[in-house]
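*Asks:* Residue numbers 0 to 360, in numbering that gives the first Met the number 0, belong to the letters of the sequence shown in order.
Pasting in a structure now, in structure tokens, and then I'll have a few things to ask.
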Amino acid sequence: MRREMLRSSREDALRLLMSAPYVHLASTTPDGAPVVRAVHGVVVDDALCFHGSPVGEKTTLVGREAVVVYEQLLADIPSYWTDATMACPATSLFVSVQAHGTLELVEDPARKARALQGLMEKFQPEGGHAPITHTDERYRKPVASIAIWALPLAVLDGKWKLGQNRTAQYIETIVAKLWERGAPGDARALELVLRANPAVDRPSFLRGPDGVTLHVYAEPSELDEALPLLRDEYWNKSRFDDDAIRDAHRRSSAWMLARDASGAVVATARAVSDGVKYAYLGDVAVRADLRSRGVGAALVNALLDHPAVRGAKRVELATRDAMRFYERLGFRTVATEELPTMIRTTMALIRPGAQRTIVQS
Ligand SMILES: CC(C)(COP(=O)(O)OP(=O)(O)OC[C@H]1O[C@@H](n2cnc3c(N)ncnc32)[C@H](O)[C@@H]1OP(=O)(O)O)[C@@H](O)C(=O)NCCC(=O)NCCS
0 MRREMLRSSR EDALRLLMSA PYVHLASTTP DGAPVVRAVH GVVVDDALCF HGSPVGEKTT
60 LVGREAVVVY EQLLADIPSY WTDATMACPA TSLFVSVQAH GTLELVEDPA RKARALQGLM
120 EKFQPEGGHA PITHTDERYR KPVASIAIWA LPLAVLDGKW KLGQNRTAQY IETIVAKLWE
180 RGAPGDARAL ELVLRANPAV DRPSFLRGPD GVTLHVYAEP SELDEALPLL RDEYWNKSRF
240 DDDAIRDAHR RSSAWMLARD ASGAVVATAR AVSDGVKYAY LGDVAVRADL RSRGVGAALV
300 NALLDHPAVR GAKRVELATR DAMRFYERLG FRTVATEELP TMIRTTMALI RPGAQRTIVQ
360 S
């Protein structure tokens, strides 16, 4: 790789490869013809495995040098964000992974079955089939007749192009601009840029009190860190289990976390929003020992300004007793309902001047 500082750790590269819905495979046939294929790959036994017909063109690639690549474009960065005149600074942020080696044909039935079962677990995680093993009579024939290729992952490179080779001022500028533009994916790009450049201060709009940092995007895998703050709260307990809470978060328009200086999750909040007319806030919680220090207000204010939420003219929520907290943020009570277990107050924040994020389709 040309620029070492853009190289990711092997763990990050492997994680990206494992998450890839498909990869591109490039090689050459014995007579030198180039071959490029999109394949469903799965990492099994430290090799990228994929399957196919035992009589197709891919069989000619066995024993030949091959490369697999996968990349995610995170955000395009227009030149005028950092230079008023010149086109040269136009660039893009991305993460990519590449592995190369000699393509093998997997012959061992046990390994073939492991690769096929790995593919099922990746692409049909809900199960609904008998596990594939080479000893299961029902799978003996299919395992024998499907070809499995393996590319060993000895040479695995990840390239994280997230501004690691840029100045702090450049990072601060593009972080602010990504937040301002707020196109789909910009919140994630912003968070990944900040993670890749830990020496750069988070912008003031992503800082809370007492060294708490606000995170505008979290990977679904980080949700488990927020669950302890949510599962015993009155609106979830005995009503929504962990899986339901996870689903609600994954399907939300915006979800933000706060972390303390040690990196522990100390607050969480989410919103569903059409970005124009309505948004609804929910699952707002601050760890008990950090309450009354302004963390909740900082997090909800940042969520209200999240690109997915900031354009909504009317933002609603319901609460049992935190009316004073939301009143300070500009919400007003619009209704109360007497439920068997509590009086629920619905509050609304009306923002006639809210400017929606312009998103090009
Ligand atoms: C509500 C909550 C998110 C506020 O977070 P926070 O970090 O403590 O909020 P801030 O420090 O920014 O503001 C605190 C102020 O909000 C108000 N407030 C917070 N919780 C309140 C409550 N349950 N009832 C009345 N007022 C409340 C108070 O005025 C408080 O100021 P005070 O401590 O000086 O009295 C937090 O208390 C919490 O997680 N509570 C349990 C979960 C919950 O009820 N979430 C809201 C569901 S709608």
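Beta carbons: idealized from backbone N, C-alpha and C, even for Gly.
Quick one: complete alpha helix (DSSP H) runs, 4+ long, within the stretch 138–203?
*Replies:* The qualifying runs are 167–180 and 185–195.
*Asks:* Please classify V43: does DSSP put it in a helix, a strand, or coil?
*Replies:* V43: strand per DSSP, three-state reduction.
*Asks:* Are G162 and I147 closer than 8 Å when you measure CB to CB?
*Replies:* No, Cβ-Cβ distance for G162 and I147 is not below 8 Å.
*Asks:* Please name the residue, chosen from R230, V283 and G157, that lies closest to D11 on a Cα-to-Cα basis.
*Replies:* Considering only alpha carbons, the answer is G157.
*Asks:* From Y138 to E56, what does the alpha carbon distance come to, in whole angstroms?
*Replies:* Straight-line Cα distance between these residues: approximately 25 Å.
*Asks:* Please state whether the Cβ-Cβ distance between L256 and A297 is less than 8 Å.
*Replies:* No, these two residues do not count as a Cβ contact at 8 Å.
*Asks:* Under DSSP, the alpha helix (DSSP H) around E10 begins and ends at which residues?
*Replies:* Run containing E10: R9 to S18, per the alpha helix (DSSP H) assignment.
*Asks:* Considering only DSSP beta bridges, list what F49 is partnered with.
*Replies:* According to DSSP, F49 bridges with W148.
*Asks:* Just to confirm, does L316 get its C-beta within under 7 Å of one of the non-hydrogen atoms of ligand 1?
*Replies:* Yes, Cβ of L316 sits closer than 7 Å to a heavy atom of ligand 1.
*Asks:* Relative to the C-alpha of T134, which residue among Q116, E120 and G51 is closest?
*Replies:* For T134, the nearest C-alpha among the options comes from Q116.
*Asks:* With a threshold of 16 other CB atoms inside 10 Å of the CB of R250, please say whether the residue is buried or exposed.
*Replies:* Exposed.
*Asks:* Quick one: grab the DSSP three-state call for A98.
*Replies:* Strand, per DSSP.
*Asks:* Any beta carbon from chain B within less than 8 Å of R286's own beta carbon?
*Replies:* Included in the structure is just one protein chain, with no chain B present.
*Asks:* Would M346 be called buried (16 or more neighbouring beta carbons within 10 Å of its own) or exposed?
*Replies:* Buried: at least 16 other Cβ atoms inside 10 Å.
*Asks:* Since V68 sits in a beta bridge, which residues does DSSP pair it with?
*Replies:* BP columns for V68 point to H23 and Q97.
*Asks:* Have a look at L289 and R201 and give me their C-alpha separation to the nearest angstrom.
*Replies:* Cα-Cα distance, rounded: 21 Å.
*Asks:* Would the beta-carbon of E103 fall within 8 Å of that of A143?
*Replies:* Result no, Cβ atoms of E103 and A143 do not sit closer than 8 Å.
*Asks:* What residues are listed by DSSP as bridge partners for M322?
*Replies:* Paired residues: none, contrary to the question.
*Asks:* Where does the unbroken alpha helix (DSSP H) through M119 begin, and where does it stop?
*Replies:* Looking at the DSSP string, the run of the alpha helix (DSSP H) that includes M119 is P108 to F122.
*Asks:* Please report the straight-line C-alpha distance between D259 and D209, rounded to a whole angstrom.
*Replies:* Approximately 8 Å between the Cα atoms of the pair.
*Asks:* Going by DSSP in three states, A253 sits in which element: helix, strand or coil?
*Replies:* It is a strand residue.
*Asks:* Assuming M4 and N164 make a contact with CB atoms under 8 Å, what is their CB distance in whole Å?
*Replies:* With 8 Å as the limit, M4 and N164 qualify as a contact, their Cβ atoms being about 5 Å apart.
*Asks:* Alpha carbon to alpha carbon, how far is R63 from G100? Give it in angstroms, no decimals.
*Replies:* So the alpha carbons of these two residues sit roughly 8 Å apart.
*Asks:* Checking 8 Å against the spacing of the C-beta atoms, do L316 and G281 come in under that value?
*Replies:* In contact: L316 and G281 (Cβ atoms closer than 8 Å).
*Asks:* Taking 8 Å as the threshold, find out whether the stretch 117–125 comes into contact with the stretch 84–91 through three or more Cβ pairs.
*Replies:* At 8 Å Cβ cutoff, the stretches do not touch.
*Asks:* Under 8 Å between the Cβ atoms of V43 and L24?
*Replies:* No, the pair does not count as a contact, with Cβ atoms beyond the cut-off.
*Asks:* For S360 and W178, what's the separation of their Cα atoms in angstroms?
*Replies:* Bear in mind that a pLDDT of 43 at S360, under 50, signals an unreliable position, so the number given afterwards is only what the model happens to contain. Between S360 and W178, the C-alpha separation is close to 18 Å.
*Asks:* Report the residue from V34, A321, C48 and S26 whose alpha carbon sits nearest the alpha carbon of L16.
*Replies:* Of the listed residues, the one whose Cα sits closest to L16 is C48.
*Asks:* Determine the closest residue to A198 out of L222, I170 and V67, with distance taken between C-alpha atoms.
*Replies:* Looking at the Cα atoms, I170 is the closest of the given residues.
*Asks:* Distance, Cα to Cα, R238 vs P339?
*Replies:* For R238 and P339, the distance between alpha carbons rounds to 14 Å.
*Asks:* In angstroms, rounded to a whole number, what distance separates the CA positions of S8 and S78?
*Replies:* Each residue's alpha carbon lies about 29 Å from the other.
*Asks:* In the DSSP output, which residue or residues are listed as bridge partners for L92?
*Replies:* The partner list for L92 (beta bridge, DSSP) reads A74.
*Asks:* Report back the beta-carbon spacing between G207 and V294 to the nearest angstrom; my notes put them in contact at under 8 Å.
*Replies:* That pair is a contact at about 5 Å.
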